[in-house]
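Going letter by letter, the sequence shown gives residues 1 to 325 in UniProt numbering.
Idealized CB from N, CA, C, for every residue including glycine.
First comes the structure, then the notes that go with it.
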Amino acid sequence: MNSVSIRYLTSLDLESFISAARAVPYQGVNSDLFPGVEVWIRRDDLLDPLISGNKAYKLFYNLLAAKEQGADTIITCGGAWSNHIHATAAAGARFGLRTMGIIRGERPPLLSATLQDAERFGMQLKFVTRELYRQRNRPEFLELAELDAINSLYVPEGGANLAGAEGIRLLGEVIERTAPISFDQLWVACGTGLTLGSLASSVHRFPVHGVEVLRAGDSIRRDAEHWIAVLGTNRDWRKGSIPTKAFELTNKYHCGGYAKYPNCLREFQQDFEQQSGIPLDPVYTAKLMYAVSQEAIGGRISRGARILVLHSGGLQGRRGFQPRK
Ligand SMILES: *Cc1c(COP(=O)(O)O)cnc(C)c1O
Numbered sequence: 001m002n003s004v005s006i007r008y009l010t011s012l013d014l015e016s017f018i019s020a021a022r023a024v025p026y027q028g029v030n031s032d033l034f035p036g037v038e039v040w041i042r043r044d045d046l047l048d049p050l051i052s053g054n055k056a057y058k059l060f061y062n063l064l065a066a067k068e069q070g071a072d073t074i075i076t077c078g079g080a081w082s083n084h085i086h087a088t089a090a091a092g093a094r095f096g097l098r099t100m101g102i103i104r105g106e107r108p109p110l111l112s113a114t115l116q117d118a119e120r121f122g123m124q125l126k127f128v129t130r131e132l133y134r135q136r137n138r139p140e141f142l143e144l145a146e147l148d149a150i151n152s153l154y155v156p157e158g159g160a161n162l163a164g165a166e167g168i169r170l171l172g173e174v175i176e177r178t179a180p181i182s183f184d185q186l187w188v189a190c191g192t193g194l195t196l197g198s199l200a201s202s203v204h205r206f207p208v209h210g211v212e213v214l215r216a217g218d219s220i221r222r223d224a225e226h227w228i229a230v231l232g233t234n235r236d237w238r239k240g241s242i243p244t245k246a247f248e249l250t251n252k253y254h255c256g257g258y259a260k261y262p263n264c265l266r267e268f269q270q271d272f273e274q275q276s277g278i279p280l281d282p283v284y285t286a287k288l289m290y291a292v293s294q295e296a297i298g299g300r301i302s303r304g305a306r307i308l309v310l311h312s313g314g315l316q317g318r319r320g321f322q323p324r325k
């Protein structure tokens, strides 16, 4: 599949969202970067040009909840290059909700491309002290930020709440129904454990492998287990197994930490993009593909395995990195 048409999420209801998710293409990759394994990519970067990747799924039920509650504003927070801030601003503009983005630190003279877009989409940016930003997961945060008078729905950083997890569970259900071949493994990039845990609780036919993109200690594993416990699981094929066995996780490919972009990763990304024609982002999906490549080269994935990799979007974040020399 080489030509892919551009689609837009046009209306905010379950049926339209599921049909958009079902139309996301699966693309086989022919490349010597993955010796001995068959690699396919599910292109959720193509779900919508602006409300892209896993952030679209995390937002879906949050947007519905805002509408149902009669809230007129979504308030959320994130960093200067946040895919979540970008998607939230775009979704608010598309579906008629005001948006406010709480950003750590002082407003810089020149905004990042991400935050420029967000303002262009109509998001109001509110820059807060580091001290205040640190309180962002406390129930009284909006009060502390003096935003409690707004008729709003607060969505935590990254879309990491129950509605977000339920949206990713929907993605897992769609993957089960639309997978074009029977896969042996699903691989995903992890910033937290939400996408991993929610997929592990909804994809029953094959195990989910997470690739940590930052030095996170034990927190991603614990977070994934938390979401599996919250969402529950009905995976028949491992009835009785403990939830910690529902996924695999590797921390070998963070390449030095969050948003670190060493030459080996840059060169890999360049080779991959040239061979496949599929663009990646340096923070998440490049590390994910790099992990699959290294594991295949090292013989740690069994020969002939059919690997599905989730392209979780994030392409707007490419602008935060220097062009290749
Ligand atoms: C946010 C993000 C992730 C990580 O999602 P988690 O649920 O926090 O693990 C992965 N890929 C992309 C492109 C993202 O923007």
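Following the DSSP letters along the chain, one finds residue 96 in no beta strand (DSSP E), marked with neither H nor E. For residue 186, the enclosing beta strand (DSSP E) begins and ends at 185-190. Contact between residue 117 and residue 89 holds: CB atoms are separated by about 7 Å, below the 8 Å threshold. By the neighbour-count criterion, in which 16 or more other beta carbons inside 10 Å mark a residue as buried, residue 322 falls on the exposed side. As DSSP reads the structure, residue 27 sits in a beta bridge with 41. Taken from the Cβ of residue 313, at least one heavy atom of ligand 1 lies inside 7 Å.
Residue 124 carries a strand assignment under DSSP once its states are collapsed to helix, strand and coil. Going by DSSP, residue 52 is part of no alpha helix (DSSP H) at all; its letter is neither H nor E. Taking the C-beta atoms as reference points, residue 214 is found no nearer than 8 Å to residue 159. In this model, residue 56 and residue 36 are separated by some 33 Å (Cα to Cα). For residue 152, DSSP records a beta bridge to 73. A heavy atom of ligand 1 is found nearer than 7 Å to the CB of residue 190.
A straight-line Cα-Cα distance of about 37 Å links residue 177 and residue 119. The alpha-carbon of residue 99 is positioned some 11 Å away from that of residue 86.
Minimum Cα-Cα distance from residue 111 among the listed residues 79, 226, 140 corresponds to 79.
Residue state for residue 174 is assigned as helix, using DSSP reduced to three classes. Residue 182 sits exposed, since fewer than 16 C-beta atoms from the chains shown fall within 10 Å of its C-beta. In chain order, 159, 164, 167 place their CB closer than 6 Å to the CB of residue 58, counting only its own chain and leaving out the 5 sequence neighbours on each side. For the 8 Å CB-CB criterion, residue 230 and residue 210 do not form a contact. Of all C-beta pairs linking the stretch 131-147 to the stretch 38-54, fewer than three are shorter than 8 Å, placing the two stretches out of contact.
Approximately 4 Å separates the beta-carbon atoms of residue 275 and residue 31; this is inside 8 Å, confirming the contact. Boundaries of the beta strand (DSSP E) harbouring residue 310: 306-311, taken from the DSSP string. With a cutoff of 8 Å on beta-carbon distance, residue 198 and residue 173 are scored as not near each other.
Distance from the C-beta of residue 195 to the nearest heavy atom of ligand 1 is below 7 Å. Scanning its chain for C-beta atoms nearer than 6 Å, with the 5 sequence neighbours on each side dropped, one finds around residue 81 the residues 112, 114, 317, 320, in chain order. Remark: the shortest separation between the CB of residue 53 and any heavy atom of ligand 1 falls under 7 Å. Not one heavy atom of ligand 1 lies closer than 7 Å to the C-beta of residue 277. The Cβ neighbour count for residue 284, taken over all protein chains shown within 10 Å, is at least 16; the residue is labelled buried.
Burial of residue 74 is indicated by the presence of at least 16 other C-beta atoms within 10 angstroms of its C-beta.
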